[in-house]
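All the letters of the sequence shown, read from the start, carry residue numbers 1122 to 1169 under our numbering.
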Amino acid sequence: MEALFTSRSLALIFFNLEIKVCQVRQQAKYQATQHTYCCLNRPGNPGD
């Protein structure tokens, strides 16, 4: 019973970690996209 509980809580910890990593990745991707978007659309940009 004890071992089962331990593996279940470990699984839960890993699951929560994966969610955290996923959220951080999504946020980083979003910020990078926003940054690129701002740079591309800034007036007076050499790329216009």
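By construction, the Cβ of each residue, glycine as well, lies at the ideal position given by its N, Cα and C atoms.
Keep in mind that this is a model prediction, so the values were computed, not measured.
Distance, residue j Cα to residue i Cα
| i | j | result |
| --- | --- | --- |
| T1154 | S1128 | 39 Å |
| Q1147 | I1140 | 10 Å |
| C1159 | V1145 | 21 Å |
Contacting residues, own chain, Cβ-Cβ under 6 Å from residue i (five flanking each side not counted)
| i | result |
| --- | --- |
| F1126 | none |
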